[in-house]
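Reading through the C-alpha cells given below for one structure.
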Amino acid sequence: MSAGAESGAMRPRRVMVTGAELVEEARDRLAAHRIETIYAPAYSTSDDLAALAHDKEVDAILVRQGQINRSVIEASPRLRVIAKHGSGVDNIDLSAATGRGVPVLRALAADAQSVAELAISLTVALMKDVVPLDTAVKGGAWPKTKYVGRDLAGAVFGVIGFGEIGQRAAALAKGIGMEVAAYDPFAGDTPDIAVSRNLEAILKAADVVSLHCPLIPQTHHLINAERLALMKPTAFLVNTARGAVVDEGALVAALRSQLIAGAALDSFETEPPDNDNPLWSLPNVIATPHIGGASRSALRNMAVQSVEHIVGVLEGRGYDSRALANKELVAAA
Numbered sequence: 243m244s245a246g247a248e249s250g251a252m253r254p255r256r257v258m259v260t261g262a263e264l265v266e267e268a269r270d271r272l273a274a275h276r277i278e279t280i281y282a283p284a285y286s287t288s289d290d291l292a293a294l295a296h297d298k299e300v301d302a303i304l305v306r307q308g309q310i311n312r313s314v315i316e317a318s319p320r321l322r323v324i325a326k327h328g329s330g331v332d333n334i335d336l337s338a339a340t341g342r343g344v345p346v347l348r349a350l351a352a353d354a355q356s357v358a359e360l361a362i363s364l365t366v367a368l369m370k371d372v373v374p375l376d377t378a379v380k381g382g383a384w385p386k387t388k389y390v391g392r393d394l395a396g397a398v399f400g401v402i403g404f405g406e407i408g409q410r411a412a413a414l415a416k417g418i419g420m421e422v423a424a425y426d427p428f429a430g431d432t433p434d435i436a437v438s439r440n441l442e443a444i445l446k447a448a449d450v451v452s453l454h455c456p457l458i459p460q461t462h463h464l465i466n467a468e469r470l471a472l473m474k475p476t477a478f479l480v481n482t483a484r485g486a487v488v489d490e491g492a493l494v495a496a497l498r499s500q501l502i503a504g505a506a507l508d509s510f511e512t513e514p515p516d517n518d519n520p521l522w523s524l525p526n527v528i529a530t531p532h533i534g535g536a537s538r539s540a541l542r543n544m545a546v547q548s549v550e551h552i553v554g555v556l557e558g559r560g561y562d563s564r565a566l567a568n569k570e571l572v573a574a575a
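Just so we're aligned: 383 in this note's numbering is position 141 of the sequence shown, and the numbers increase by one with no gaps anywhere.
Now the structure itself:
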C-alpha cells in the first residue's frame, strides 16, 4: 500500500532522520509517542532526501546531515516541523520553511560544552606542539634538547562569536591561565569580559583565534586573506564553527607562507573534504571530522531536545520560541 493510500486515522506519524541513529533515549521517546522513525543514509543528497520525504509523507524532519533545501521541504504535504540536531541551521532553507509555515527548531546549547572543550583541546595541542612532537618521537627523533615550548598562561585567547559556546570556551581558557579577548557585533559584556566590536583589533592581539560564530551571509569567509594577514606570525587559528567561515584557499596560502603558525579545524567548506585537499600536505594543520558536538552528553542532549521539539509540534503543544531559527515565521503568523 502506498503512503498516500493509507487511512488518515491509521497512518503513523513519521519523522525522517538525516543521518546516524539517534541515542536510545530519543528513540524510546519517539516510540512512546507512536512516531515512526525513518533513517536516511548518511550524506544523502537533497534529491535523495526529497524522494524519501515524498515517498513516506513525513510529518517531521530531524536534521543531522545533508542539505535541506526547498525541494526537501516541499516534498511532503504533511511536513509540520523541522528540528536540528544541533544549533547551526546553515544547511536548512529557512525561507522555504517559513513559506510553508514550518518551524525550524534548534537544540538550545545542547552541544555547547562539548564544542568548547574541543576548541580548548585543539588550542592546547597547537600551542604545545603535540602533533609534531608525536610525529618526531615516533619517527625515531628525540628533540628534547632543542625544544622550547610556549606558555598557555598569559597567552591571548581571541574568541570570535561570544554566544553560549564562545562564552564557555572563554571560561575554559581563563581556567588554564589564558587572557580572553572577545569579539561579537551583538553580544553584551559579561562581568569579567568586555566584548569588542572591533574584529581587526582582536585578530591583531590574539595568540589563538577561536571561531564560534554561526554561518550566515555576513560571516561567510569572515576569515579571509586580508584578516589572516592581521594575525601574528606566531598565532594559531582554531575553527570549531562552520567551515565556510574560513576561506580555505586563503588559509592554505597563509599556512604555506608561515603568515600564521598553524591551524586546527573541525569543520570544512566541503564535508567530507576531498582526499587531495591541500590542507593535508601541511604539517602545521590539525584536522578532526566535525565532531565537536559528538560527546555522549551532547549527543544525548541534542537528540532528546530535537525529539521534544517534534513531539510538541505534532501533538499541538507548540514549541519554545527561543529555539526558533526562522524568526520570520512569528512575524508572518
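Just so you know, even glycine gets a beta-carbon here, dropped at the ideal spot from N, CA and C.
For the pair Val422 and Ala429, the CB atoms are not nearer than the 9 Å cut-off.
Distances from the alpha-carbon of Pro283 to those of Arg439, Thr260, Ala567 put Thr260 closest. Positions of the beta strand (DSSP E) runs, each at least 3 residues long and wholly inside the segment 342-426, are given as 398-402, 421-425 in order along the chain. Contact between the segment 284-295 and the segment 522-538 is absent: fewer than three C-beta pairs spanning the two stretches fall below 8 Å.
Across the structure, Lys380 and Leu470 are spaced so that their CA atoms are roughly 32 Å apart. By the C-beta density criterion, Lys388 is exposed, having fewer than 16 other C-beta atoms within 10 angstroms. Measuring C-alpha to C-alpha distances from Val265 to each of Asp518, Ser539, Arg559 identifies Ser539 as the nearest. Checking the DSSP bridge columns, you'll see Leu566 partnered with Leu347. Look at the segment 473-525 and you find these whole runs of beta strand (DSSP E), each 3 residues long or longer: 478-481, 504-507. Sequence-distant partners of Asn311 (beyond 5 residues in either direction) whose C-beta falls short of 6 Å from its own C-beta, in its chain, are Ser288, Asp335. Comparing C-alpha distances from Phe510 to each of Asp518, Pro531, Leu524 shows the shortest one belongs to Pro531. Non-local C-beta neighbours of Ala496 in its own chain, meaning closer than 6 Å and more than five positions away in sequence, comprise Leu470, Ile502, ordered along the chain. For Tyr285, the number of other beta carbons within 10 angstroms of its own is below 16, and it is reported as exposed.
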